[in-house]
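A.B. asks: Below is the structure I would like to discuss, written out as structure tokens.
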Ligand code: SF4
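Residue numbers (the numbering used here): 128 to 548.
In structure tokens form, the structure reads like this:
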């Protein structure tokens, strides 16, 4: 069988062939039977010297892999794109130019432990340091996987107080770690408390758990989502081999809750840095009713040097998607700005020249066309809205030009700072 591909019936690795179906599909069983040590992994993977060496290191980002995900891995192929995401190699220990412990300066934007507030109207709430399995390129490896740095009731209480006292926050992304790795009761309490804050309009769950343990999308989780709408769910999927019948079923259950489902991927060298893989990933996601949202440039975080690609490669991939597959399936390629400036979209250039009179454009197939600008267009004639005030005030609608931005000092981030980062 080729690397990472398995039968439609959801075959398991022989090591777990005798596990009753009720246990195999129990999300808790998957969590309590994760493998982490070389002696365990050797039973399902022919470990290379590089993998053995990393697994023997004292200073290793946590390893924990569910039996479900291990069953997707090709144990004979060190290049298997799923294996490379979760099985460490000694290349993680290599330093590289520009690596940062906190690649996106999250700590600098943390007014309360576990709240990352970079934009005026939204923020990230980190509720746990635990994950279902651990991605070797994790941006938050500075604390993820470290039980000592987990969040407590006191932290959640402070986080919710901060949100309550930040009337401009309309959108809360619950993240971690992985919020679906925490006890359902805790998650339900946190979501319900946020839902009671009048100015919070939407609550998002950011998770990779359905990829590592699709059984986590159970009735309890669906009930939490349904009871607290509007909720959105964003899953993290990097490779079409991750899109199994089990993940499709999990996404179907999520879709039935009425939550829109998006997906993000990280661009990873030797894993998904090809147009072929990305086209397949994006079209398969849409097929299971998941909208590709972001394709992230891999952050310059410790341990991830060997996963990074050039930015040119990312642009080439978007060039290979836009126009070739449905626009709905094309994610926005973004670089999370080192220094904490937030996500910056990067795209191929389709605008060849621009003046008020005309725009010269090229399309996905390289054909050039011209759009004639309207004579006498005047901006600013749209009447102001006559709608009730939204629950949280929207950011000012004036747009800053590039020259404004270059000449103005940066606004401080913060709940009422206005500019955000
Ligand atoms: S699931 Fe997300 S937070 Fe957890 S290790 Fe992977 S990238 Fe990091």
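Glycine included, every Cβ here is placed at the ideal spot set by N, Cα and C.
Just checking my contact of residue 396 with residue 436 at CB under 8 angstroms: how many whole Å lie between their CB atoms?
C.D. replies: Translated into the one-based positions of the chain shown, residue 396 becomes position 269. Translated into the one-based positions of the chain shown, residue 436 becomes position 309. Going by Cβ atoms, the distance from residue 396 to residue 436 rounds to 5 angstroms, so yes, they are a contact pair.
A.B. asks: Can you tell me where the alpha helix (DSSP H) with residue 441 in it begins and where it stops?
C.D. replies: Locating residue 441 in the chain shown gives position 314, counting from the first residue. Its alpha helix (DSSP H) spans residues 438-448.
A.B. asks: Does any heavy atom of the ligand SF4 sit closer than 8 angstroms to the C-beta of residue 363?
C.D. replies: Translated into positions along the chain shown, residue 363 becomes position 236. Yes, Cβ of residue 363 sits closer than 8 angstroms to a heavy atom of the ligand SF4.
A.B. asks: Kindly provide the ranges of any alpha helix (DSSP H) runs that are 4 or more residues long and lie completely inside the segment 377-416, ordered along the chain.
C.D. replies: Those alpha helix (DSSP H) runs which fall completely within the segment 377-416 and span 4+ residues are 402-414.
A.B. asks: My understanding is that residue 389 touches residue 356, with C-beta atoms under 8 angstroms, so please give their C-beta distance in whole angstroms.
C.D. replies: For the purposes of this step, residue 389 is identified with residue 262 of the chain shown, where counting begins at 1. For the purposes of this step, residue 356 is identified with residue 229 of the chain shown, where counting begins at 1. In fact, because the Cβ distance is near 16 angstroms, the residues do not count as touching under 8 angstroms.
A.B. asks: With a Cβ-Cβ cutoff of 9 angstroms, do residue 318 and residue 329 count as a contact?
C.D. replies: By 1-based counting over the chain shown, the position of residue 318 is 191. By 1-based counting over the chain shown, the position of residue 329 is 202. In this structure, residue 329 does not lie closer than 9 angstroms to residue 318 by Cβ.
A.B. asks: Is DSSP giving residue 245 helix, strand or coil here?
C.D. replies: The count along the chain shown starts at 1 and reaches residue 245 at position 118. The answer is strand: DSSP assigns residue 245 an E or B state.
A.B. asks: May I ask you to list the residues that DSSP assigns as paired with residue 463?
C.D. replies: Position 336 of the chain shown, counting from 1, holds the residue named residue 463. Looking at the DSSP assignment, residue 463 forms a beta bridge with 470.
A.B. asks: Would you say the beta carbon of residue 266 comes nearer than 8 angstroms to a heavy atom of the ligand SF4?
C.D. replies: Taking the first residue of the chain shown as position 1, residue 266 is located at position 139. Yes, the Cβ of residue 266 comes within 8 angstroms of a heavy atom of the ligand SF4.
A.B. asks: Does DSSP put residue 486 in a helix, a strand or coil?
C.D. replies: As a first step, residue 486 must be located in the chain shown, where it is residue number 359. Strand, per DSSP.
A.B. asks: So, for residue 522: in the same chain, excluding its five sequence neighbours on each side, which residues have a beta-carbon less than 7 angstroms away from its beta-carbon?
C.D. replies: On the chain shown, residue 522 is found 395 positions in, with the first residue counted as 1. Correct list, in chain order: 247, 248.
A.B. asks: Assuming residue 369 contacts residue 413 under a Cβ cut-off of 8 angstroms, what Cβ separation, rounded to an integer in Å, is found between them?
C.D. replies: What you label residue 369 is simply residue 242 of the chain shown in a count that begins at 1. What you label residue 413 is simply residue 286 of the chain shown in a count that begins at 1. Contact doesn't hold; Cβ gap of about 15 angstroms is too wide.
A.B. asks: Taking residue 400 and residue 394 to be in contact with their CB atoms under 8 angstroms, please state how far apart those CB atoms are, rounded to whole angstroms.
C.D. replies: To locate residue 400, count along the chain shown from 1; it is residue 273. To locate residue 394, count along the chain shown from 1; it is residue 267. Contact holds; Cβ gap of about 6 angstroms.
A.B. asks: List in chain order: all unbroken beta strand (DSSP E) runs of 3+ residues lying wholly within the segment 217-246.
C.D. replies: Here the runs fully enclosed are 242-246.
A.B. asks: What residues are listed by DSSP as bridge partners for residue 287?
C.D. replies: Along the chain shown, one-based indexing puts residue 287 at 160. According to DSSP, which records beta bridges pairwise, residue 287 is partnered with nothing at all.
A.B. asks: Measure the alpha-carbon distance for residue 285 versus residue 239 and round it to whole angstroms.
C.D. replies: Numbered from 1 along the chain shown, position 158 holds the residue referred to as residue 285. Numbered from 1 along the chain shown, position 112 holds the residue referred to as residue 239. In a straight line, the C-alpha of residue 285 is about 7 angstroms away from that of residue 239.
A.B. asks: Residue 432 to residue 242, Cα distance in whole Å?
C.D. replies: On the chain shown, position 305 is the one that residue 432 refers to. On the chain shown, position 115 is the one that residue 242 refers to. Distance between the alpha carbons of residue 432 and residue 242 is about 27 angstroms.
A.B. asks: Hey, would you say residue 417 sits closer than 9 angstroms to residue 268, going by beta carbons?
C.D. replies: Locating residue 417 in the chain shown gives position 290, where the first residue counts as 1. Locating residue 268 in the chain shown gives position 141, where the first residue counts as 1. Contact flag unset, no.
A.B. asks: Would residue 420 and residue 365 be called neighbours here (beta carbons separated by less than 9 angstroms)?
C.D. replies: As a working mapping, residue 420 is identified with position 293 in the chain shown. As a working mapping, residue 365 is identified with position 238 in the chain shown. Going by C-beta atoms, residue 420 is not nearer than 9 angstroms to residue 365.
A.B. asks: With a threshold of 16 other CB atoms inside 10 Å of the CB of residue 157, please say whether the residue is buried or exposed.
C.D. replies: Working through the chain shown from its first residue, we reach residue 157 at position 30. So residue 157 counts as buried.
A.B. asks: For the structure I just gave you, are there three or more beta carbon pairs, one from the segment 438-452 and one from the segment 198-218, closer than 8 angstroms?
C.D. replies: No, they do not touch.
A.B. asks: Rounded C-beta distance between residue 494 and residue 485? I'm assuming under 8 angstroms.
C.D. replies: The residue labelled residue 494 in the question sits at position 367 within the chain shown. The residue labelled residue 485 in the question sits at position 358 within the chain shown. Residue 494 to residue 485, Cβ: 16 angstroms. No contact.
A.B. asks: Measure the CB-CB distance between residue 309 and residue 260 and report whether it falls below 9 angstroms.
C.D. replies: Mapped onto the chain shown, residue 309 falls at position 182. Mapped onto the chain shown, residue 260 falls at position 133. Cβ atoms of residue 309 and residue 260: not closer than 9 angstroms.
A.B. asks: Would you mind giving the Cβ-Cβ distance between residue 448 and residue 405, rounded to the nearest angstrom? I have them listed as a contact below 8 angstroms.
C.D. replies: Translated into the one-based positions of the chain shown, residue 448 becomes position 321. Translated into the one-based positions of the chain shown, residue 405 becomes position 278. Between residue 405 and residue 448 the Cβ distance is about 6 angstroms, and since that is below 8 angstroms, they are a contact.
A.B. asks: Indicate, with yes or no, if the ligand SF4 has a heavy atom lying under 8 angstroms from the CB of residue 480.
C.D. replies: Within the chain shown, numbered from 1, the residue matching residue 480 stands at position 353. No, the ligand SF4 has no heavy atom inside 8 angstroms of this Cβ.
A.B. asks: Alpha carbon to alpha carbon, how far is residue 179 from residue 170? Give it in angstroms, no decimals.
C.D. replies: Working through the chain shown from its first residue, we reach residue 170 at position 43. Working through the chain shown from its first residue, we reach residue 179 at position 52. Their Cα atoms are separated by approximately 13 angstroms.
A.B. asks: Measure the beta-carbon distance from residue 140 to residue 198 and round it to whole angstroms, keeping in mind my assumption that it falls under 8 angstroms.
C.D. replies: Counting from 1 along the chain shown, the entry for residue 140 is found at position 13. Counting from 1 along the chain shown, the entry for residue 198 is found at position 71. Yes, residue 140 and residue 198 are in contact; Cβ-Cβ is about 4 angstroms, under 8 angstroms.
A.B. asks: Round the Cβ separation of residue 163 and residue 191 to the nearest angstrom and send it over; I've been treating them as touching at under 8 angstroms.
C.D. replies: On the chain shown, residue 163 is found 36 positions in, with the first residue counted as 1. On the chain shown, residue 191 is found 64 positions in, with the first residue counted as 1. Indeed they touch by this definition, with Cβ atoms about 5 angstroms apart.
A.B. asks: Give me the residue from 264, 188, 233 with the minimum Cα distance to residue 209.
C.D. replies: Looking up residue 209 in the chain shown gives position 82. Checked all of 264, 188, 233; the closest Cα to residue 209 is 264.
A.B. asks: Which term fits residue 274, buried or exposed, when burial requires 16 or more other beta carbons within 10 angstroms of its beta carbon?
C.D. replies: Taking the chain shown and counting its residues from 1, one reaches residue 274 at position 147. So residue 274 ends up on the exposed side.
A.B. asks: Using the Cα positions of residue 379 and residue 230, report the straight-line distance between them to the nearest angstrom.
C.D. replies: Position 252 of the chain shown, counting from 1, holds the residue named residue 379. Position 103 of the chain shown, counting from 1, holds the residue named residue 230. Going from the Cα of residue 379 to the Cα of residue 230 covers about 34 angstroms.
A.B. asks: If you count every other CB in all the chains shown that lies within 10 Å of the CB of residue 186, and 16 or more means buried, which is it?
C.D. replies: As a first step, residue 186 is located in the chain shown; it is residue number 59 there, counting from the start. Residue 186 should be labelled exposed.
A.B. asks: Per DSSP, which one or two residues make a beta bridge with residue 418?
C.D. replies: Position 291 of the chain shown, counted from the first residue, corresponds to residue 418. Bridge partners of residue 418: 389.
A.B. asks: Can you tell which of 411, 387, 189, 181 has the C-alpha that lies nearest to the C-alpha of residue 453?
C.D. replies: Residue 453 sits at position 326 when you count from the first residue of the chain shown. Considering only alpha carbons, the answer is 411.
A.B. asks: With burial defined as no fewer than 16 other Cβ atoms inside 10 Å of the residue's Cβ, what is the status of residue 423: buried or exposed?
C.D. replies: Here residue 423 corresponds to residue number 296 of the chain shown, with the count starting at 1. Buried, because 16 or more other Cβ atoms sit within 10 Å of the Cβ of residue 423.
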